[in-house]
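Here the structure comes first, spelled out in structure tokens, and everything after it is commentary.
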Amino acid sequence: MFELTPHGPDTFVGTGPKYPWGGLYGGQIVAQALRAATLTAESEFRPHSIRAYFIHPGDHLEPIRYEVDRIRNGRSFLTRRVVARQAIGAILNAECSFQRSRAATDLQTVEMPRVPGPESLEESSFTRRFDRCFVPEEVVDGAVRTGAGRVCAWIKVNDYDLVNSVSSDAELMHQCWLAYTSDDLATDTVRAAAIEGTGVEREHWKGVSLDHTIWFHRPMRSDVWHLHDFTCHHFTASRGLAVGHVFTQEGEHVATVAQEVLLRDTRAKPSS
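What the sequence shown shows, in the numbering used here, is residues 6 to 277, in sequence order.
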């Protein structure tokens, strides 16, 4: 997934499989863009955030070309811009920020809800690359969130090369896999909030991701279970903002995710 091929200065090429809905999965493109950025950063720097805009749907029949621009090389921070391209043109534009690791105060203010563990829940995933267990909303207890359409799920990556990896790239790979899985629940969250509010059947609504942001707070292992806890914070002009928190099983808050989703009723006709 993240074995990108060099193709000239600061340019890398990747591929991806076809997903059930056709085309490429947005989380894969974000994750590969992050990986391309890491390949141009010094080893003592780690990604702390990525902001990506989805420009055009990707085609699984074509390779993806990731062009990295070294915007800034500072003593404490690095900035990289990544443009993902296919024959149609740019399909994603991302900005990645890296920070040099150093000791500092660690304060967690976001609480993990009390939920059943993944071993007691039914597994359901659209891909063999990760396992997913949805948590029924009625059993989510504590850690009240603002917003509506709350969706919680346990997610664990199935990349067996990560299990015993001690390479210097291991931490970066876990961050890339988190970027991959973090795109999974946003549309479900917006759909749950918007459609419940209007009483319209879900199957008539189509969702498209517009942008995606991740803040990496703490090191994590993507090959063990993490709870993804999402809510929708607004829905207006057919756009919903989903905000999610990612926790270890012990309750450590490892990342925050935000995504704006375009959600439209496919039966609606534009006015003349």
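The beta carbon of each residue, even a glycine, is placed where N, CA and C say it ideally should be.
Given this structure, state the Cα-to-Cα distance separating A95 from T16, to the nearest angstrom. Within the sequence shown, the letter at position 90 stands for residue 95. Within the sequence shown, the letter at position 11 stands for residue 16. CA-to-CA, the gap between A95 and T16 works out to about 14 Å.
Closer than 7 Å by C-beta to V144: which residues in its own chain qualify, once you throw out the five before and the five after it? Chain order, please. In the sequence shown, the residue the question calls residue 144 occupies position 139. In its chain, beyond the 5 residues on either side, V120 and P121 have a beta carbon closer than 7 Å to the beta carbon of V144.
Within 10 Å of its beta-carbon, does T45 have 16 or more other beta-carbons around it, so buried, or fewer, so exposed? Mapped onto the sequence shown, residue 45 falls at position 40. Under this definition T45 is a buried residue.
Helix, strand or coil, according to DSSP, for V251 in the structure here? Sequence index remark: in the sequence shown, residue 251 carries index 246 (1-based). Under the three-state reduction of DSSP, V251 is assigned to strand.
Cβ distance (whole Å) where C237 is taken to contact A148 below 8 Å: Position 232 of the sequence shown, counted from the start, is the residue given in the question as residue 237. Position 143 of the sequence shown, counted from the start, is the residue given in the question as residue 148. Actually they are not in contact, since the Cβ atoms of C237 and A148 sit about 16 Å apart, beyond 8 Å.
Is it true that the CB of T271 sits closer than 8 Å to the CB of H209? One-based indexing of the sequence shown puts residue 209 at position 204. One-based indexing of the sequence shown puts residue 271 at position 266. In this structure, H209 sits near T271, with a CB-CB distance shorter than 8 Å.
Hey, how far is the Cα of F139 from the Cα of G13? If you number the sequence shown from 1, residue 139 lands on position 134. If you number the sequence shown from 1, residue 13 lands on position 8. Rounded to the nearest angstrom, the gap between the Cα atoms of F139 and G13 is 42 Å.
Exposed unless 16 or more other CB atoms sit within 10 angstroms - verdict on E265: Position 260 of the sequence shown holds residue 265. Residue environment: E265 is assigned as buried (16 or more neighbouring CB atoms within 10 Å of its CB, all protein chains considered).
So the candidates are I69, L83, R133 and G212; which of them puts its Cα closest to the Cα of V195? Sequence index remark: in the sequence shown, residue 195 carries index 190 (1-based). The residue with the shortest Cα to Cα distance from V195 is G212.
Let me check one thing: in DSSP terms, what residues is I69 bridge-paired to? As a first step, residue 69 must be located in the sequence shown, where it is residue number 64. The bridge partners DSSP lists for I69 are G19.
In chain order, each beta strand (DSSP E) run of at least 3 residues that lies wholly inside the segment 115-145: If we require 3 residues or more, the beta strand (DSSP E) runs fully inside the segment 115-145 come out as 135-140.
Straight-line CA distance for L267 to A108? In the sequence shown, counting from the first residue as 1, residue 267 sits at position 262. In the sequence shown, counting from the first residue as 1, residue 108 sits at position 103. Each residue's Cα considered, the two are about 40 Å apart.
E100, enclosing beta strand (DSSP E) - first and last residue: Translated into positions along the sequence shown, residue 100 becomes position 95. In the DSSP assignment, E100 falls within the beta strand (DSSP E) that extends over G94 to R105.
Would S102 be called buried (16 or more neighbouring beta carbons within 10 Å of its own) or exposed? Looking up residue 102 in the sequence shown gives position 97. Looking at its Cβ environment, which holds 16 or more other Cβ atoms inside 10 Å, S102 is buried.
Going by the beta-carbon positions, is the gap between A99 and V87 smaller than 8 Å? Position 94 of the sequence shown, counted from the first residue, corresponds to residue 99. Position 82 of the sequence shown, counted from the first residue, corresponds to residue 87. Taking 8 Å as the Cβ cut-off, A99 and V87 qualify as a contacting pair.
Would G63 be called buried (16 or more neighbouring beta carbons within 10 Å of its own) or exposed? As a first step, residue 63 is located in the sequence shown; it is residue number 58 there, counting from the start. Sixteen is the threshold: when 16 or more other Cβ atoms of the shown chains lie within 10 Å of the Cβ of G63, as they do, the residue is buried.
Beta-carbon proximity list for A29, same chain, < 6 Å, skipping 5 on both sides: For the purposes of this step, residue 29 is taken as the residue at position 24 of the sequence shown. This sequence places Leu at residue 29; Ala is not what is there. Contacts found: G21, G63 and H65.
Helix, strand or coil at Q113 [DSSP, three-state]: Taking the first residue of the sequence shown as 1, we reach residue 113 at position 108. Note: Q113 maps to coil in three-state DSSP.
For my contact list, E255 and P224 are in at a C-beta cut-off of 8 Å; report their separation, rounded to the angstrom. Numbered from 1 along the sequence shown, position 250 holds the residue referred to as residue 255. Numbered from 1 along the sequence shown, position 219 holds the residue referred to as residue 224. Taking 8 Å as the upper bound for CB-CB distance, E255 and P224 are not in contact here, some 13 Å apart.
To the nearest angstrom, how far is the alpha carbon of Y58 from that of S243? Position 53 of the sequence shown, counting from 1, holds the residue named residue 58. Position 238 of the sequence shown, counting from 1, holds the residue named residue 243. For Y58 and S243, the distance between alpha carbons rounds to 17 Å.
Where does S187 land, buried or exposed, given buried means 16+ other C-beta within 10 angstroms? By 1-based counting over the sequence shown, the position of residue 187 is 182. Within 10 angstroms of the beta-carbon of S187 lie 16 or more other beta-carbons, which makes it buried.
Residues bridged to S54 [DSSP beta-bridge criterion]: One-based indexing of the sequence shown puts residue 54 at position 49. Secondary-structure assignment with DSSP links S54 through a beta bridge to S102 and W220.
With a threshold of 8 Å on Cβ separation, who are the neighbours of N78 within its own chain once the five nearest residues in sequence on each side are excluded? Here residue 78 is taken as the residue at index 73 of the sequence shown, counted from 1. If we look at N78 and ignore the five residues flanking it on each side, it has no Cβ neighbours.
Under the three-state DSSP convention, the category I76 falls into: Taking the first residue of the sequence shown as 1, we reach residue 76 at position 71. DSSP places I76 in the strand class (E or B) of the three-state scheme.
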